[in-house]
Amino acid sequence: MNLRFRGLTLAPSQVCGAVRLVPVLRHHPRADLRLWSKRQDAVVTGVALGGNLHYYNYIPSALVLDWTDDGRPVVTPGSQLLGPRDRPQFIKFEQRMVKRTAPRKLGEGERALRFFPQQLALEGLLTHHFGGPDIAWPAWSAQILRRGLSPRSESFVAGQAIRGLDEALRTFELHPDQVGVLVFVAEIFGAAFIMPSAAEYRPLHRSLLSDAFGEALADAARWHPIAYPWSLPTDRPPRDLVDLKAQIAQVRASWGEFQTLVTADLLGEDLRWTQVYRAGPFSLARFLPSFEPGTRAHVGEAILDDEGEVQYLRTVLLGDDMRERAWWLDRLAGVGWHLPTLAERLRLTEDQLKRKLVRAGWEGLLREKPQGSSS
Amino acid sequence: MTPNNRPAEVAPTARDGHRERAADVAREDLLTFVNAARAATGQDEFYESAEAAALSLDFLHTYLRVAHRRLYAQSLALGLNDFNALRVIEGLLADGRSTPAEHRAEEGALIRAALRRLPPQRVLALFGRLRTANVNNRRTRATIRDWLAGRPDAAFDAVKYRRKVKAAVRHAHLAAPGELGKFLFQAKKMRGFTHPLFEAVRKARYSAEAIYELPYTVAEGFAGHHRVPRARFLERIHQQMTHTERQRSQQAAEAAGVVVEVDWTQALPTELVRYGLSLGPGPARDALQAALPEAARRIAHGWGLGRVAVVLDASYSMSGSRDKRRHPLAVAVAGRALLQAGCRALAVHWTRGGEAARGELEMSPQSQTNLADPLLEALAGGPELLLIISDGVDNDPPGGAEAVLKGWRHLDPGGSVRIVHLNPVFDSGSLGPRPLCEGVVTVGLRTAEEIPLALALAGVEGDVADWIAPWVDRFLRGQA
Chain A
265 MNLRFRGLTL APSQVCGAVR LVPVLRHHPR ADLRLWSKRQ DAVVTGVALG GNLHYYNYIP
325 SALVLDWTDD GRPVVTPGSQ LLGPRDRPQF IKFEQRMVKR TAPRKLGEGE RALRFFPQQL
385 ALEGLLTHHF GGPDIAWPAW SAQILRRGLS PRSESFVAGQ AIRGLDEALR TFELHPDQVG
445 VLVFVAEIFG AAFIMPSAAE YRPLHRSLLS DAFGEALADA ARWHPIAYPW SLPTDRPPRD
505 LVDLKAQIAQ VRASWGEFQT LVTADLLGED LRWTQVYRAG PFSLARFLPS FEPGTRAHVG
565 EAILDDEGEV QYLRTVLLGD DMRERAWWLD RLAGVGWHLP TLAERLRLTE DQLKRKLVRA
625 GWEGLLREKP QGSSS
Chain B
147 MTPNNRPAEV APTARDGHRE RAADVAREDL LTFVNAARAA TGQDEFYESA EAAALSLDFL
207 HTYLRVAHRR LYAQSLALGL NDFNALRVIE GLLADGRSTP AEHRAEEGAL IRAALRRLPP
267 QRVLALFGRL RTANVNNRRT RATIRDWLAG RPDAAFDAVK YRRKVKAAVR HAHLAAPGEL
327 GKFLFQAKKM RGFTHPLFEA VRKARYSAEA IYELPYTVAE GFAGHHRVPR ARFLERIHQQ
387 MTHTERQRSQ QAAEAAGVVV EVDWTQALPT ELVRYGLSLG PGPARDALQA ALPEAARRIA
447 HGWGLGRVAV VLDASYSMSG SRDKRRHPLA VAVAGRALLQ AGCRALAVHW TRGGEAARGE
507 LEMSPQSQTN LADPLLEALA GGPELLLIIS DGVDNDPPGG AEAVLKGWRH LDPGGSVRIV
567 HLNPVFDSGS LGPRPLCEGV VTVGLRTAEE IPLALALAGV EGDVADWIAP WVDRFLRGQA
């Protein structure tokens with residue numbers, strides 16, 4: 265299934281240095297869905313997973329999702345009627361997706377859902393074939409057979425590390441209907457960030473700086489400091505003022521069409537979706553790309569409504585090394601983790617295949633190092 | 147010999163062609179410099195840092211001073227902003243040796259005339275910089291001497307800017323006769339002064355009552371010394387405040403519950419608007435909005451412009467920077483008010499149409515820049531003069547304004563509509579205010595009150611030395 269940007273239009277992009285930001289507009293936001301950002305009171309959170317396992321995360325902000333089943337508008341969270349001298353009350357609304365060490369009881373009518381931006385998408389990548397081999401073929405190391413891919417890690421850079429992104433976000437002129445942005449660095453599509461409504465997007469505009477990005481983008485910004493200029497001139501002299509007006513309208517329309525064309529295939533053809541949560545008419549889902557060589561791999565998370573319209577979207581571009589590691593996992597899983605079969609299918613000797621796995625960073629999977637391997 | 151008084155029957159020679167090209171270069175150079183020096187203030191802009199601007203400005207100042215020394219001095223008559231006028235003077239004084247003998251008198255007169263117009267605290271700060279830079283030639287000393295001698299009240303200056311005056315007097319090797327010298331250099335030894343202001347300073351050290359005879363800024367220091375409550379201090383001192391001090395202490399006064407009256411109709415419209423834009427809704431803002439037309443009329447009633455259309459940019463990039471918050475938008479709003487008073491008929495087109503129907507001081511700079519649509523509307527109205535006040539960055543669609551202006555040139559090849567782009571923002575990359583479109587003049591603008599001068603600059607043609615002479619004349623006679 266591909267991602268469709270239905271209900272959304274693209275406005276002409278704004279360029280600053282190597283960074284091109286394409287505004288995403290939504291003219292008719294839904295009233296029965298709200299997604300707002302919440303500052304975390306405890307920045308580092310610990311969760312007991314049972315047994316001896318504890319899960320710790322550091323996340324500076326979270327998103328809280330609120331919805332109604334019957335299409336009634338959602339009340340703006342935290343709305344209070346106050347006198348001029350009253351102080352606003354702070355109310356806790358939401359339930360965390362993960363259970364805390366001491367779970368809080370839910371009150372009557374409480375139903376909001378909290379999740380961490382990008383965490384769904386990145387967890388989707390990290391837990392891909394996390395269990396390791398299904399069959400204990402002798403080629404696999406004892407560690408992998410016992411514990412799966414744990415600990416699995418990938419590294420990303422924060423938006424601050426992308427040269428010029430800060431400046432581009434600061435000088436960007438937001439449209440009144442803007443609900444999101446597509447980020448290009450040196451014409452590489454790096455991230456999409458779409459929110460349900462403009463009021464919810466505006467405060468989060470600068471939060472892109474603390475998001476995770478693939479390292480490739482930081483490199484691109486360093487080596488290609490200027491974005492390629494896109495311009496759509498009017499080539500024909502106008503007949504009169506009305507004609508001139510029509511030409512300008514035409515230019516504006518072609519910006520939309522052109523960018524829709526450019527961005528149509530951004531996330532790749534075949535995304536693999538997993539629904540994570542169902543909230544009334546909305547589903548919270550994440551997707552993985554095909555990881556095929558020669559494609560840019562984006563993982564992401566989205567909230568889709570019952571008509572398949574994107575209400576929330578956040579994507580992360582993976583580095584090519586990450587893509588390759590995930591691709592090998594797919595290949596291995598496809599043959600039931602049987603190395604000889606895969607080697608035959610790829611027309612390699614088993615040793616060559618092992619060397620390729622080592623080079624991709626999967627040395628820990630193998631019981632014995634391949635011959636001729638330097639490390 | 148200039149092209150204007152060349153006998154018509156003589157065929158142009160290669161030498162004449164060369165001279166004309168030189169005149170073109172001089173005009174280009176002067177306009178580039180003046181445009182930059184009217185807009186740039188050495189502060190952060192929305193798109194540019196102060197450091198980048200400083201590099202560009204340094205280059206422009208040095209280049210013009212070395213290549214066109216006389217024009218550089220004469221540019222003082224063309225409404226440079228205070229920051230750049232001071233830099234010009236500093237550069238001229240520091241490098242007096244390079245002045246050709248025949249221009250020395252004119253240059254000296256220009257420096258003296260420019261210093262007379264600049265605010266005293268800025269001039270004294272310039273003297274301080276000359277001192278740090280070890281610039282102490284005879285002309286510099288004479289300039290300092292003349293400026294101090296030309297001040298209306300030496301005692302007041304000595305009290306209000308004591309340390310700076312002291313430094314200037316010392317730097318210029320001046321004699322400070324009588325009590326002035328004693329006040330500047332030996333105040334602690336004195337048991338009493340006959341001049342009431344000096345005596346008030348002496349007493350203010352011991353008595354909280356004496357501080358109310360002092361200038362506001364000096365009294366403020368003593369008020370801290372005597373721990374006078376803010377409200378009581380403001381209530382009694384406000385008679386001593388200058389107009390600008392009244393303007394800027396409005397919020398402090400309101401917080402202290404004191405009324406410091408200020409006649410906003412006497413304020414400069416750009417300053418009035420800049421303050422108004424910073425206020426929330428309330429009676430203070432309404433009062434400013436009400437005073438704006440009168441303040442504008444006071445300045446602009448003699449402009450005598452015809453049918454004018456103005457396109458005003460209210461996009462997010464007009465918010466300026468932390469150094470000059472909302473300054474570009476303030477220029478646009480004040481420009482609207484001034485033009486209303488200064489022309490026969492005005493059509494106003496904001497980039498976000500409709501919003502301007504509310505009070506203009508309620509506007510905040512936000513959202514994308516769509517100059518194309520208001521430009522089309524403005525052209526459809528058939529004005530004689532079309533002004534655009536914008537930072538020159540349009541992005542909805544990018545290049546939209548350029549496309550409209552280029553298209554319009556095809557429709558109006560004779561140029562029946564005069565189009566001028568006024569830009570309050572310095573762009574260090576292009577060494578001046580960012581242009582909108584080739585063929586449309588872009589002029590730098592520091593405040594909206596200077597629109598007539600900007601229009602004059604936009605119309606310069608031919609030999610710039612001829613053009614500038616009457617401006618210099620008027621400037622030296624104290625009219626411009």
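Protein sequences, first through last, are from chains A and B.
Add 264 to a position in the first sequence, counting from 1, and you land on the number used in my numbering.
Add 146 to a position in the second sequence, counting from 1, and you land on the number used in my numbering.
C-beta: ideal position from N, C-alpha, C; glycine also.
Subject >> DSSP state of W537(A) mapped onto helix, strand, coil >> reply: The residue you call residue 537(A) lines up with position 273 of the first sequence. Strand, per DSSP.
**OP:** Label I597(B) either buried or exposed according to how many other C-beta atoms from any shown protein chain fall within 10 Å of its C-beta, with 16 as the threshold for buried.
**Re:** As a working note, residue 597(B) is residue 451 in the second sequence. So I597(B) ends up on the buried side.
Original post:
When the cut-off is 9 angstroms and only beta carbons count, does R470(A) lie next to chain B?
Top reply: On the first sequence, position 206 is the one that residue 470(A) refers to. Judged by the 9 angstroms Cβ criterion, R470(A) is not in contact with chain B.
Subject >> Any C-beta of chain A under 9 angstroms from that of S513(B) >> reply: Stepping through the second sequence from its first residue, residue 513(B) is reached at position 367. Chain A, which has a Cβ nearer than 9 angstroms to the Cβ of S513(B), makes this yes.
Original post:
What is the rounded straight-line gap between the Cα of V364(B) and the Cα of T388(B)?
Top reply: Locating residue 364(B) in the second sequence gives position 218, where the first residue counts as 1. Locating residue 388(B) in the second sequence gives position 242, where the first residue counts as 1. If I take the Cα positions, the gap works out to 13 angstroms.
Original post:
Do you know how far the Cα of E437(A) is from the Cα of P467(A)?
Top reply: Here residue 467(A) is taken as the residue at index 203 of the first sequence, counted from 1. Here residue 437(A) is taken as the residue at index 173 of the first sequence, counted from 1. Whole-angstrom Cα-Cα distance: 14 angstroms.
Original post:
Is G553(B) close to chain A, meaning its C-beta is less than 9 angstroms from at least one C-beta of that chain?
Top reply: As a first step, residue 553(B) is located in the second sequence; it is residue number 407 there, counting from the start. So, interface residue.
Subject >> Selection from D350(A), E565(A), L409(A) and A450(A) that minimises the alpha carbon distance to W601(A) >> reply: On the first sequence, residue 601(A) is found 337 positions in, with the first residue counted as 1. Checking every option, the nearest Cα to that of W601(A) belongs to L409(A).
**OP:** Given a cut-off of 9 angstroms, decide if L261(B) and T289(B) are closer than it, judged by their beta-carbon atoms.
**Re:** Along the second sequence, read from residue 1 onward, the residue named residue 289(B) stands at position 143. Along the second sequence, read from residue 1 onward, the residue named residue 261(B) stands at position 115. For T289(B) and L261(B), yes; Cβs fall inside 9 angstroms.
Subject >> Residue environment, W591(A), which counts as buried when at least 16 other CB atoms sit within 10 Å >> reply: Here residue 591(A) corresponds to residue number 327 of the first sequence, with the count starting at 1. With 16 or more other Cβ atoms within 10 Å, it is buried.
**OP:** My understanding is that L591(B) touches A240(B), with C-beta atoms under 8 angstroms, so please give their C-beta distance in whole angstroms.
**Re:** Along the second sequence, one-based indexing puts residue 591(B) at 445. Along the second sequence, one-based indexing puts residue 240(B) at 94. Not confirmed; about 28 angstroms, so no contact.
Subject >> Proximal chain A residues relative to S576(B), where beta-carbon distance stays under 7 angstroms >> reply: In the second sequence, residue 576(B) corresponds to position 430, counting from 1. Those within 7 angstroms of S576(B) in chain A number zero; the least Cβ separation is about 15 angstroms.
Subject >> Within 9 angstroms, strictly: CB atoms of A460(B) and A478(B) >> reply: Along the second sequence, one-based indexing puts residue 460(B) at 314. Along the second sequence, one-based indexing puts residue 478(B) at 332. Closer than 9 angstroms, so yes.
Original post:
What do you get for I399(A), buried or exposed, if any count of 16 or more other CB atoms within 10 angstroms of its CB means buried?
Top reply: Mapped onto the first sequence, residue 399(A) falls at position 135. Exposed: under 16 other Cβ atoms inside 10 Å.
Subject >> Proximity test, Cβ basis, 9 angstroms: V283(A) and chain B >> reply: Locating residue 283(A) in the first sequence gives position 19, counting from the first residue. No, because no Cβ of chain B sits closer than 9 angstroms to the Cβ of V283(A).
**OP:** Could you check how far apart the C-beta atoms of S277(A) and L289(A) are, in whole angstroms? I think they sit under 8 angstroms.
**Re:** Counting from 1 along the first sequence, the entry for residue 277(A) is found at position 13. Counting from 1 along the first sequence, the entry for residue 289(A) is found at position 25. With a Cβ gap of about 12 angstroms, S277(A) and L289(A) do not count as contacting.
**OP:** Answer with yes or no whether the minimum CB distance from D330(A) to chain B is below 9 angstroms.
**Re:** Taking the first residue of the first sequence as 1, we reach residue 330(A) at position 66. No - not a single Cβ of chain B is within 9 angstroms of the one on D330(A).
**OP:** Consult DSSP for R669(A) and reduce its assignment to one of helix, strand or coil.
**Re:** The question about residue 669(A) has no answer, for chain A in this structure spans 265 to 639.
Original post:
Is it right to say T538(A) is buried, meaning 16 or more other beta carbons lie within 10 angstroms of its own, or is it exposed?
Top reply: As a position in the first sequence, residue 538(A) is number 274, starting the count at 1. Exposed: under 16 other Cβ atoms inside 10 Å.
Original post:
Any C-beta of chain A sitting closer than 9 angstroms to the C-beta of A455(B)?
Top reply: Start at 1 with the first residue of the second sequence, and residue 455(B) comes out as number 309. No, A455(B) does not count as interfacial toward chain A.
Original post:
Of the residues A549(B), E355(B), S353(B) and V456(B), which one's Cα is nearest the Cα of C489(B)?
Top reply: As a working note, residue 489(B) is residue 343 in the second sequence. Comparing Cα positions, the closest option is V456(B).
**OP:** Consider the Cβ of S461(B): report whether some Cβ of chain A lies at a distance smaller than 9 angstroms.
**Re:** For the purposes of this step, residue 461(B) is taken as residue 315 along the second sequence, with counting starting at 1. So, interface residue.
Original post:
Taking Cβ positions only, does G188(B) come closer than 9 angstroms to chain A?
Top reply: Position 42 of the second sequence, counted from the start, is the residue given in the question as residue 188(B). Taking Cβ atoms only, chain A never reaches closer than 9 angstroms to G188(B), which makes this a no.
Original post:
With C-beta atoms as the reference, is R216(B) less than 9 angstroms away from A611(B)?
Top reply: Mapped onto the second sequence, residue 216(B) falls at position 70. Mapped onto the second sequence, residue 611(B) falls at position 465. Against a cut-off of 9 angstroms, the Cβ pair of A611(B) and R216(B) comes out as a contact.
Original post:
Would you say K509(A) faces chain B, with C-beta separation under 9 angstroms as the test?
Top reply: For the purposes of this step, residue 509(A) is taken as the residue at position 245 of the first sequence. Taking Cβ atoms only, chain B reaches closer than 9 angstroms to K509(A), which makes this a yes.
Original post:
Looking only at DSSP bridge pairs, what is K302(A) linked to?
Top reply: Walking along the first sequence from the start, residue 302(A) turns up at place 38. In DSSP, K302(A) forms a bridge with A326(A).
**OP:** Tell me where the alpha helix (DSSP H) around V212(B) begins and ends.
**Re:** Counting from one through the second sequence, the residue named residue 212(B) turns up at place 66. That run of the alpha helix (DSSP H) goes A196 to A213.
**OP:** Say yes only if the C-beta of F339(B) is nearer than 8 angstroms to one or more non-hydrogen atoms of the ligand ATP, and no if none qualify.
**Re:** In terms of ligand content, the structure shown is empty, and the ligand ATP therefore cannot be addressed.
Original post:
Under the three-state reduction of DSSP, which class applies to Y320(A): helix, strand or coil?
Top reply: Walking along the first sequence from the start, residue 320(A) turns up at place 56. Correct three-state label for Y320(A): strand.
Original post:
Does the count of Cβ pairs from the region 521-534 of chain B and the region 544-562 of chain B closer than 8 angstroms reach three?
Top reply: yes
Original post:
Considering only C-alpha positions, which residue in the set F551(A), G314(A), Q442(A) and G271(A) is nearest to Q383(A)?
Top reply: On the first sequence, position 119 is the one that residue 383(A) refers to. Taking only the C-alpha atoms, the option nearest Q383(A) is F551(A).
Subject >> Span of the beta strand (DSSP E), counted from its first residue to its last, around Q442(A) >> reply: Taking the first sequence and counting its residues from 1, one reaches residue 442(A) at position 178. Element bounds for Q442(A): Q442 to V449.
Original post:
In the DSSP assignment, what are the bridge partners of W404(A)?
Top reply: As a working mapping, residue 404(A) is identified with position 140 in the first sequence. The partner list for W404(A) (beta bridge, DSSP) reads L630(A).
Original post:
Any beta-carbon of chain A closer than 9 angstroms to the one on G546(B)?
Top reply: Locating residue 546(B) in the second sequence gives position 400, where the first residue counts as 1. Yes - at least one Cβ of chain A is within 9 angstroms of the one on G546(B).
Subject >> Helix, strand or coil at G373(A) [DSSP, three-state] >> reply: One-based indexing of the first sequence puts residue 373(A) at position 109. Caution applies to G373(A), whose pLDDT of 46 falls short of 50 and renders its modelled position unreliable; the model cannot decide the point.
**OP:** Classify R368(A) as buried or exposed, calling it buried when 16 or more other Cβ atoms lie within 10 Å of its own Cβ.
**Re:** The count along the first sequence starts at 1 and reaches residue 368(A) at position 104. Because the pLDDT at R368(A) is just 45, under 50, the model does not fix this residue reliably, and the value given afterwards should be weighed accordingly. Exposed.
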